[in-house]
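Everything below concerns the one structure shown next.
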Amino acid sequence: MTNHSSQYLSRRAFLKRAGIATVGALAVGWPRYSFGAAKFKLRPDLLDAESPKGLEVIQLTTEADVPWAHVYMEAQVFTMDSKRFVLHRSATAHGGNKNDPKHQCYLCDIENNFALSPLTEETGSGAPSVSPDGKHLYYFVDETTIGGGKFTLKRVNLDGSDRRTLLVVDGPLPGTKFRVGRLPGLSTISSDSKRLAIYGFLGDGQIDPPPYGVMVFDLERAIVSLVFHQPSWTNMHLQYCRSTDPDASHDILIQHNHGAVITPQGKVKVWVSGGGADIHVIRDDGSNFRDMPWGRDGNERCQGHQCWRGRSTWAITSTQTRKPPEAQLIEGRAAPHAGHVGIKTPGGVRNDLSREFPNPHFYHFATDIVGRRFISDAGPFDKGGRIFAAEFGEPGKDPLRNWKRLLTPRSTCKKQSHIHPFLSPNGKMGFFNSDESGILHAYMVRGF
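Here the sequence shown is numbered in the numbering used here, starting from 53 and rising by one per residue.
Here is the structure:
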């Protein structure tokens, strides 16, 4: 295959590739389109002989001396019409430095020439969530210290207007003795756009072992509640169920890193040990604690990434098994809590999604909003990694099918440059990170 050089799209070439009719120099029916110096590149050189015909790869960010990345693929960053999403500047695949003023969130308008516009402006901004109603970006400004400081919940319209401070927490959380000493780079928002959840480090520098806690924000009343707190929950990966069912929409997927060792000052010495992590579901008032039937049997271990299957109450995790030595994809549903026994959870329902894929080694993945399409990265990562797409069948029964190897992102696949692919809500576009250019940037693939 000819190795085409990277090139910026011309205005007319972009319209032609997008399938938009033109008259003279104008796009028919696209009055908002703004043309200037393109900030993205068409990257046919990332395709190879195994890539599906008609596939198109676009490098969305091109700044020469500042890295860009997609927000971690679990986050709600897309508008439900699949036209706009949020990514961030001066970031790695796992977030940004809260003390870096260049670390900010940007809106990418796909229909408007992939135009990038800033949404945040404060040092310490992060943990973004786009409301499913498409109206707002919620984010936090983290100025916390161990035992002191403050954090702020803010909201801004997606056009950058009407920035508001919703809540400032500069003391103990209401009704508790705990102050938040550190926030992660991820938050999660309910499908009705009414509640936001995030976890935080609650140690004061003296408590040993220090606790972590789940905070839920009522966005209509601008109040916060600490609904759950325990030690060793270092890396919770909170994810609201995306179902619109009034009951299921209160469920949150949550990760427990068993055997974690953390100093009173919040330094993680051991992320997970012993039987490994397990995954649970809780209601956003802290009640109805349930177990997912994954891991902790001496053979299967949860890798630490999982997600809901579209708007369903099924979830998917990636595992590592000793026999056979694989990284499998397992679907499951929550069962009543039975003591952190993982795969042995009574009543647990499992479905091996990757059983028809030879020697699976999958790690980070996501689905579309209806739970019919799937995307994942896969090894070998010492050769740049691979990205696969597939289709779901019946929940709890069928394996993933119609596998397609899309491309090799040529990433170094170091932690800061993980590929982390995810889909637009309509499943027609995939997004990933790569540092193949020598610096981390955000990419998009479509046509599969």
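Quick reminder that beta carbons are idealized off the backbone N, C-alpha and C, glycines included.
Inspect the beta-carbon positions of residue i and residue j and report whether they are closer than 8 Å.
i    : j    : result
I426 : F444 : Residue identity differs from the one stated: residue 426 is Phe in this sequence, not Ile. Cβ atoms of F426 and F444: closer than 8 Å.
G400 : T371 : no
W455 : F409 : yes
T172 : L492 : no
G178 : R234 : no
P316 : G255 : yes
R207 : L225 : no
R402 : G384 : yes
A249 : S284 : no
G482 : I439 : yes
P261 : I306 : no
V193 : E163 : no
K246 : L271 : yes
On a CA-only basis, which of the options is nearest residue i? Give me that one, please.
i    : options                   : result
D434 : G490, P410, P461 and Q258 : P461
G237 : V123, V313, M132 and A300 : V123
V221 : G490, G186, L107 and S277 : S277
L452 : H472, Q380 and R207       : Q380
G186 : G255, M132 and G328       : M132
G431 : R424, N403, K466 and R402 : K466
M367 : A300, N351 and G106       : Looking at the sequence provided, one finds Ala at residue 367 rather than Met. Nearest of A300, N351 and G106 to A367, Cα basis: A300.
N287 : L248, E378 and H310       : H310
L210 : T197, S169, I198 and F230 : S169
F166 : F92, H308 and S364        : F92
G490 : V118, G227 and K154       : V118
P377 : L205, G350, D337 and D152 : G350
L112 : D152, S134, G147 and L159 : L159
W120 : G448, K154 and K229       : K154
What separation, rounded to the nearest whole angstrom, lies between the Cα atoms of residue i and residue j?
i    : j    : result
V268 : V232 : 13 Å
V109 : P96  : 6 Å
Y495 : A116 : 15 Å
N411 : K321 : 33 Å
K396 : P345 : 7 Å
R423 : Y292 : Strictly speaking, residue 423 in this sequence is Gly, with Arg absent from that position. About 15 Å.
A386 : T114 : 42 Å
G252 : K105 : 45 Å
S183 : K375 : 42 Å
L94  : N149 : 30 Å
T197 : Y264 : 14 Å
P473 : I382 : 18 Å
I275 : W360 : 27 Å
V279 : G338 : 5 Å
T228 : N340 : 21 Å
D404 : I259 : 41 Å
V75  : G212 : With a pLDDT of 31 at V75, under the threshold of 50, the predicted position of this residue should be treated as unreliable, and no value is reported.
R342 : D450 : 24 Å
D152 : G257 : 24 Å
V324 : G394 : 15 Å
D214 : G223 : 27 Å
S103 : A441 : 11 Å
Q282 : G356 : 18 Å
G273 : F230 : Strictly speaking, residue 273 in this sequence is Arg, with Gly absent from that position. Computed Cα separation, rounded: 21 Å.
Leaving out the 5 sequence neighbours to the left and right, which residues in its chain are closer than 7 Å to residue i when beta-carbon positions are compared?
i    : result
D420 : G362, L475, P477, N478 and G479
C354 : G328, A329, D330, I331, W346, G347, T369 and T371
M125 : H416, A418, H472, P473 and F474
P398 : A387 and A390
G326 : H310 and G311
L78  : Legend: pLDDT at L78 = 31, less than 50; position of this residue unreliable, no value from coordinates given.
E446 : none
Rounded to whole angstroms, how far is the Cβ of residue i from the Cβ of residue j, which I believe are closer than 8 Å?
i    : j    : result
S243 : T296 : 5 Å
D161 : R141 : 16 Å between Cβ atoms; not a contact.
R335 : H302 : 5 Å
H308 : Q358 : That pair is no contact at about 12 Å.
E352 : T365 : Going by Cβ atoms, the distance from E352 to T365 rounds to 22 Å, so no, they are not a contact pair.
D429 : G437 : 5 Å
Output needed for residue i: all residues of its chain with C-beta closer than 8 Å, excluding positions within five of it in sequence on either side, in chain order.
i    : result
P180 : V123, A127, V129, V138, H140, C157, L171, T172, L189, Y190, Y191 and S239
S469 : T144, A145, S463, N485, S486, D487 and L492
L304 : Before going on, a small fix: residue 304 reads as Ile here, not Leu. Excluding sequence neighbours, I304 sits near T240, A249, V266, L290, Q291, Y292, C293, V333, I334, R335 and D336.
V497 : L107, E108, V109, I110, I439, L458, L459, M481, G482, F483 and F484
S134 : I162, S476, P477, N478, K480 and M481
R216 : K206, R207 and V208
G448 : W366, E383, R385, V401 and N403
Skipping 5 residues on each side, what residues in its chain have a beta carbon closer than 6 Å to that of residue i?
i    : result
G200 : none
H392 : D330
E195 : G176, G201 and K202
L98  : V109 and L459
G147 : G237
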